[in-house]
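Just so you know, we're using our numbering here: the sequence shown kicks off at 27 and counts up by one.
Cβ coordinates follow ideal geometry from the N, Cα and C atoms, glycine included.
Here the structure is a predicted model, which is why all the values come from computation and not from measurement.
Written out below as structure tokens is the structure these notes cover.
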Amino acid sequence: MLLRLLAAFALSLLTFTPALLHAQMEGFGALPARQAITTQNAHKRVGVGIKIDQITFVDQQSENFGVVGTLFLQVDYPNLAFDAEEHGFEYKTYSPEGFSEELKETGEFLPYFIFRNQQGRRFTQQSSILVSATGQTNYAERFSATFQAPHFNFKRYPFDKQEFFVEVSSLLPTEFVEFYPLEDKTGMGDLLGEEEWILSNSSIAASNVPGIGERETSMVALRFEGKRHVQYYMLRIMLPLVIILFVTWATFFLEEYRRRIDMASANLLVFVAFNFAISTMLPKLGYLTFMDSLLAGMFVITGSTVLVNIMLRRMKTTGREALARKIDTYLVIWVYPILHGIFLFWAVKFFLI
27 MLLRLLAAFA LSLLTFTPAL LHAQMEGFGA LPARQAITTQ NAHKRVGVGI KIDQITFVDQ
87 QSENFGVVGT LFLQVDYPNL AFDAEEHGFE YKTYSPEGFS EELKETGEFL PYFIFRNQQG
147 RRFTQQSSIL VSATGQTNYA ERFSATFQAP HFNFKRYPFD KQEFFVEVSS LLPTEFVEFY
207 PLEDKTGMGD LLGEEEWILS NSSIAASNVP GIGERETSMV ALRFEGKRHV QYYMLRIMLP
267 LVIILFVTWA TFFLEEYRRR IDMASANLLV FVAFNFAIST MLPKLGYLTF MDSLLAGMFV
327 ITGSTVLVNI MLRRMKTTGR EALARKIDTY LVIWVYPILH GIFLFWAVKF FLI
């Protein structure tokens, strides 16, 4: 009995899987095995709208982000027009595979598309096709996908602003399909679920780009900007960093050089531990960011205080205590504060301005 049940289950999988693959491949987003396009039905103007409901993640190291959204396509098929009064209804609904079969009978073709900057597979949660009595066809697809973000630039991190794009491109050249944006069906939801970034300033625009075979194709791109919650970085990184630097400076007020060396060395170890603690949240890049320059510069200055105190201790033990005290005065009042000021001015001017 068990063997029969297993055999029946395996048979159902064999019959269900091809049907599922066929349903996925016959949608707007995949080319058929073969289809003729004649001059009578050659040019289609297709409206494209992209509504983003959720940002599931932003991976800075991989330079990509996850989206849950809805894609809208709008195109006219006069051959699908019908008399609403005669049929008793104003709209017809289709599944993607059913609509594909309907178009084959009328000699029309689908506005095949791809997400140009998509990485991996796109998962379609649900899709529907609505055809009005005039033949206007509206395609809606709820999807989740990962998109590449090659325009990320973290030079100003954590005060950086990044650009995000979701690009929808036609699979057919511009002489067959032309995309234009649907402003009323484009935008971003109120609850995106992304806590690290403040996302805003969404806009959509059409352009022509090289497609498959280097032929010019039409593309519509949704663009939006993101900036970070700076308060988090000020409290978790900047404030502890300033405290470590003040403690390092305070060691110069101790009279005993040996105590200075001990405190400066301990403070240096605290700085190293702090650097390791925040390293997981910093993007690993091939170039320096504003935050990298701050950490590296402050680490060098903090480490140099240990060497300076050792030098002063050595001068005292060799009978040059008066000179050591004079140098010490200049270090406390002028050298240490001015050195930090010069480095901070350089970092702000080079990375932020």
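Taking all protein chains shown into account, Lys375 has fewer than 16 neighbouring C-beta atoms within 10 Å of its C-beta and is therefore exposed. Sequence-distant Cβ neighbours of Val358 in its own chain, meaning closer than 6 Å and more than five residues away, are Phe278. Nearest neighbour of Gln80 by Cα position, chosen from Asn105, Gly213, Gln100, turns out to be Gly213. About 7 Å separates the beta carbons of Gly323 and Ala373, which is inside the 8 Å limit, making them a contact pair. Secondary structure within the region 236-262: the alpha helix (DSSP H) runs of 4 or more consecutive residues, fully enclosed, are 256-259 (chain order). Residue environment analysis places Glu131 among the exposed positions, since fewer than 16 neighbouring C-beta atoms fall within 10 angstroms of its C-beta.
Assignment of alpha helix (DSSP H) within the region 256-323, counting only whole runs of 4 or more residues, yields 256-259, 265-276, 283-304 in chain order. Fully contained in the region 81-133 are the following beta strand (DSSP E) runs of length 3 or more, in chain order: 90-102, 117-120. Taking the Cβ atoms as the reference, Asn234 lies roughly 6 Å from Thr200, within the contact range of under 8 Å. For Gly146, there is no enclosing alpha helix (DSSP H); the residue is part of the beta strand (DSSP E) that begins and ends at 144-158. The Cβ atoms of Ala290 and Thr331 sit closer than 8 Å to each other. With a threshold of 16 other beta carbon atoms within 10 Å, Leu321 meets it and is buried. In the DSSP assignment, Ile368 falls within the unbroken alpha helix (DSSP H) covering 362-373. Spanning the alpha carbons of Val192 and Pro236 requires a straight line of approximately 17 Å. Counting C-beta pairs with one atom in each stretch, the region 96-114 and the region 157-166 have three or more that are closer than 8 Å, which means they touch. Phe325 sits in a helix when the DSSP states are folded into three classes. In the three-state DSSP reduction, Ala175 falls in the coil class, being neither helix nor strand.
Residue range 347-356 is occupied by the alpha helix (DSSP H) that includes Lys352. Secondary structure of Arg340 (DSSP, three-state): helix. Considering only Gly95, Leu156, Leu370, the residue with the shortest C-alpha distance to Leu218 is Gly95.
Annotated three-state conformation of Thr212 is coil, per DSSP. Within the model, the alpha-carbon separation for Phe139 versus Asn179 is close to 29 Å. Counting only residues of its own chain and dropping the five nearest sequence neighbours on each side, Gly73 has a CB closer than 6 Å to the CB of Gln100, Tyr206, Leu208. Shown here for Leu311: same chain residues with a beta carbon closer than 7 Å to its own, the five before and five after excluded, namely Phe180 in chain order.
Straight-line spacing of the CA atoms in Leu295 and Asp210 works out to 57 Å.
Your pair Leu97 and Glu167 checks out as a contact, with CB atoms roughly 5 Å apart and the cut at 8 Å. Look at Leu378 here: in three-state DSSP terms it is helix.
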